[in-house]
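Novice: Provided herewith is a single structure, encoded as C-alpha cells, for subsequent inquiry.
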Amino acid sequence: MRAGSFAKLSQDKENTTQVTFHYVEGQAETFTIPMPAQEFQEEVLTLLNQPWLTFHLADQTVFICTSRVVKVEVKPAIPELQGQGIFSNSLRVSTMQRAAVGRLPMNS
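Residue numbers for the sequence shown follow UniProt numbering, so the first one is 1 and each next one is one higher.
Shown next, in the form of C-alpha cells:
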C-alpha cells in the first residue's frame with residue numbers, strides 16, 4: 001500500500017485495525033494499522049510487552065512508550081482473544097447509565 005493512501009485504508013476495513021492508546025496524562029491517540037484484527041490479535045500481547053512501539057505514518061514516525069499507556073482500545077473487536085484476565089461478552093456502562101440506576105422506577 002502506498003504511503004498516504006488513507007482512502008484505500010478506510011474502504012478496506014476488513015484488512016485494517018484501529019488502535020487507540022490512552023496515556024497516563026489523559027491524552028489519547030488513534031492509529032489505523034493495515035492489518036486484519038485477527039492477525040493483530042495474534043501479536044497484541046507480545047506488542048504490549050515491548051518497551052516501545054513504532055508507527056510509520058506517511059509524514060512522520062511515532063514512537064509510543066508502552067509504560068505510559070493505561071488503556072488500549074481495538075476496533076473491530078477481537079473475541080478470539082481468550083484466557084486468564086479476559087472477560088467475554090462484556091458491556092460498557094456509560095456515566096448516564098450509572099447515574100440513572102435507582103432514579104427511575106423499574107416496572108417488574
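All C-beta atoms, glycine included, are put in the ideal place defined by N, C-alpha and C.
These numbers come from a predicted model, not from an experiment.
1. Closest by CA to Gln41, which one among Val70, Lys75, Thr54?
2. Suppose the cutoff is 6 Å on Cβ atoms and the five residues either side in sequence are ignored; what does the same chain contact list for Gln38 look like?
3. Thinking Val93 and Tyr23 are a contact (beta carbons under 8 Å), I'd like their distance in whole angstroms, please.
4. Distance, Cα to Cα, Ile86 vs Ala77?
5. Can you say whether Thr17 is buried or exposed, counting buried as having 16 or more other CB atoms within 10 angstroms of its CB?
6. How long is the line joining the alpha carbons of Leu9 and Gln97, rounded to whole angstroms?
7. Could you give the DSSP three-state label for Thr46: helix, strand or coil?
8. Which residue comes first and which comes last in the beta strand (DSSP E) that contains Ala77?
9. What would DSSP say about Phe63, mapped onto helix, strand or coil?
10. Cutting at 8 Å between CB atoms, please list the residues of its own chain near Asn15, excluding the five before and the five after it.
11. Please identify the residue among Cys65, Pro51, Leu45 whose C-alpha is closest to the C-alpha of Gln84.
Specialist: So, to answer that:
1. Along the sequence shown, read from residue 1 onward, the residue named residue 41 stands at position 41. Selected option, being the one with the closest Cα: Lys75.
2. For the purposes of this step, residue 38 is taken as residue 38 along the sequence shown, with counting starting at 1. In the same chain as Gln38, and ignoring 5 residues on each side of it, no C-beta atom comes closer than 6 Å to its own.
3. One-based indexing of the sequence shown puts residue 93 at position 93. One-based indexing of the sequence shown puts residue 23 at position 23. About 23 Å; that fails the 8 Å criterion.
4. Taking the sequence shown and counting its residues from 1, the one referred to as residue 86 is at position 86. Taking the sequence shown and counting its residues from 1, the one referred to as residue 77 is at position 77. Rounded to the nearest angstrom, the gap between the Cα atoms of Ile86 and Ala77 is 13 Å.
5. Locating residue 17 in the sequence shown gives position 17, where the first residue counts as 1. By the neighbour-count rule (16 or more Cβ atoms within 10 Å), Thr17 is buried.
6. Residue mapping note: residue 9 aligns to position 9 of the sequence shown, counting from 1. Residue mapping note: residue 97 aligns to position 97 of the sequence shown, counting from 1. Any reading at Leu9 needs caution, since the residue's pLDDT is 44, under 50, leaving its predicted position unreliable; the model's value is listed next. Taking the straight line joining both Cα atoms gives about 34 Å.
7. On the sequence shown, position 46 is the one that residue 46 refers to. Helix.
8. Here residue 77 refers to the residue found at position 77 when the sequence shown is read from its first residue. Counting along the chain, Ala77 falls outside any beta strand (DSSP E), and DSSP gives it neither H nor E.
9. Against the sequence shown, residue 63 aligns to sequence position 63. Per DSSP, reduced to three states, the secondary structure at Phe63 is strand.
10. Here residue 15 refers to the residue found at position 15 when the sequence shown is read from its first residue. Within the same chain, Cβ atoms closer than 8 Å to the Cβ of Asn15 are found at Pro34, Met35, Pro36, the five residues on either side in sequence being excluded.
11. Locating residue 84 in the sequence shown gives position 84, where the first residue counts as 1. Comparing Cα positions, the closest option is Leu45.
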